[in-house]
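Visitor:
Numbering (UniProt numbering), first residue to last: 1 to 405.
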């Protein structure tokens, strides 16, 4: 039997009041925020020095360039605040500006560092140009690389998701489920820059694949139920004969994890909150389990990630599919007989070269891997978070075909 969810009254909460958040957690959060702001400010200064001041563009261009950098730096925190305001054309414009700049800033920073390293090597091994000429060559070279990269990244992020087809042999899978297709979407991030039209396109793509089962592995939203209820209505159009299953991601908890669980259930999806279902076709069975995000318990103790609870009472000898937003949830599922875990969270890195930093927080960036004895497929994400850009990893819809081993 699957585990039962808590009472409806708990599910309707939009979030945890600030007064109930541990003081230590608030202090750590503030310190991390101040450090991040200081670091980003210093890096903006570095860009100003290398791209504006050192090349000596003359006035008024130098003043305009440095002033623009200062305003764009300020747009980042303002944009994050605007995402919490009542949606208007003005708040959306602020958010779009801040997120586009955040992505451009990351690419400019990476390209400028590479240009400086290239310049240092050039000086060591050859006769590099000197003074303003060299500074201008590097600055123009950075812009020549970054500007087209931004255009490509924007088009990729906003375009149709690629369908990735994966074949998974599974022990003890009965003939009735041989060839069953599980279609996974993850990290859709409906919010300030992705709306119902984007979600409708995703739903249409998924349904066109005629899946047997659909898995939605978290981070559906970036906003509250109140702000995004109408934007999420296309989700109710997902259809699969063996069911449509959903687990929370970390972003749901920034905007009321319990409330979003209730809203997704209202839209007709089966919410797996540390519980499971057993699906059957032609006499063959599959256990479909799902857990809350590994960070859910920090916000709401009732949403602690518990694979052991999710699989409690699951039938022996029946293959087990686990839905868990973050790949590292596999460490908690060790020894529970999970045949396949479907995860997301990483976006595949989303924006080159920052995918290399994902390994600091997750055991895998994308694709199929073995983690703590659990076979895990990590989805690149169907939408994006923050900057409306994808440079490298394209958006994804995964079609996982289960076959008998």
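Using N, Cα and C, we set each Cβ at its ideal position, and we do this for glycine too.
With distances taken between CB atoms, is the gap from residue 189 to residue 383 smaller than 7 angstroms?
Guide: Yes, the pair counts as a contact, with Cβ atoms nearer than the cut-off.
Visitor: What's the C-alpha gap between residue 37 and residue 76?
Guide: Their Cα atoms are separated by approximately 9 angstroms.
Visitor: Could you check where the alpha helix (DSSP H) with residue 127 kicks off and where it finishes?
Guide: First-last for residue 127: undefined, no H or E at that position.
Visitor: Nearest chain D C-beta to residue 53 closer than 7 angstroms, yes or no?
Guide: Protein chain content of the structure displayed is limited to a single chain, and chain D is not contained in it.
Visitor: Given residue 364, which residues of its chain have a CB within under 7 angstroms of its CB, disregarding the five upstream and five downstream residues?
Guide: Counting only Cβ-Cβ distances below 7 angstroms, and skipping sequence neighbours, we find 327, 371, 376, 378.
Visitor: Quick check: the segment 201-221 against the segment 179-189, are at least 3 beta-carbon pairs closer than 8 angstroms?
Guide: A contact exists between the segment 179-189 and the segment 201-221.
Visitor: Quick one: Cα of residue 102 to Cα of residue 388, how far?
Guide: Each residue's Cα considered, the two are about 10 angstroms apart.
Visitor: For my contact list, residue 408 and residue 157 are in at a C-beta cut-off of 8 angstroms; report their separation, rounded to the angstrom.
Guide: Lying outside 1 to 405, the shown extent of the chain, residue 408 is not represented and no answer is given.
Visitor: What would DSSP say about residue 264, mapped onto helix, strand or coil?
Guide: Note: residue 264 maps to helix in three-state DSSP.
Visitor: Whose C-alpha, out of 166, 215, 70, is nearest the C-alpha of residue 42?
Guide: Here the closest residue by C-alpha is 70.
Visitor: Please say whether residue 277 and residue 288 have beta carbons closer to each other than 7 angstroms?
Guide: Against a cut-off of 7 angstroms, the Cβ pair of residue 277 and residue 288 comes out as a contact.
Visitor: Report yes or no: do the segment 198-212 and the segment 238-250 share at least 3 C-beta pairs separated by less than 8 angstroms?
Guide: As far as the Cβ criterion goes, the segment 198-212 touches the segment 238-250, which means the pair count is three or higher.
Visitor: I'd like to know if the segment 155-172 and the segment 119-126 are in contact, where contact means that at least 3 CB-CB pairs between them fall below 8 angstroms.
Guide: Short answer: they don't touch.
Visitor: Starting from residue 69 and walking both ways along the beta strand (DSSP E), at which residues does that stretch end?
Guide: Here residue 69 belongs to no beta strand (DSSP E); instead the alpha helix (DSSP H) covers 61-82.
Visitor: Name the two residues that bound the continuous beta strand (DSSP E) containing residue 374.
Guide: Where residue 374 is concerned, the enclosing beta strand (DSSP E) stretches over 374-378.
Visitor: Going by DSSP, which residues form a beta bridge with residue 270?
Guide: The partner list for residue 270 (beta bridge, DSSP) reads 245.
Visitor: In its own chain, which residues sit with a C-beta less than 8 angstroms from the C-beta of residue 205, not counting the 5 before and 5 after it?
Guide: Result list for residue 205: 160, 161, 163, 397, in chain order.
Visitor: Pick helix, strand or coil for residue 5, following the three-state DSSP scheme.
Guide: With a pLDDT of only 34 at residue 5, under 50, the local geometry of the prediction cannot be trusted, and the value read off the model is given with reservation. Here residue 5 sits in coil by DSSP.
Visitor: Count the other CB atoms within 10 Å of the CB of residue 232; is the residue buried (16 or more) or exposed (fewer)?
Guide: Buried, by the Cβ-count rule.
Visitor: Which stretch, first to last residue, makes up the alpha helix (DSSP H) that contains residue 309?
Guide: Note, residue 309: alpha helix (DSSP H), 307-310.
Visitor: Just list the residues that DSSP pairs residue 217 with in beta bridges.
Guide: Looking at the DSSP assignment, residue 217 forms a beta bridge with 247.
Visitor: With DSSP as the reference, label residue 276 as helix, strand or coil.
Guide: The answer is strand: DSSP assigns residue 276 an E or B state.
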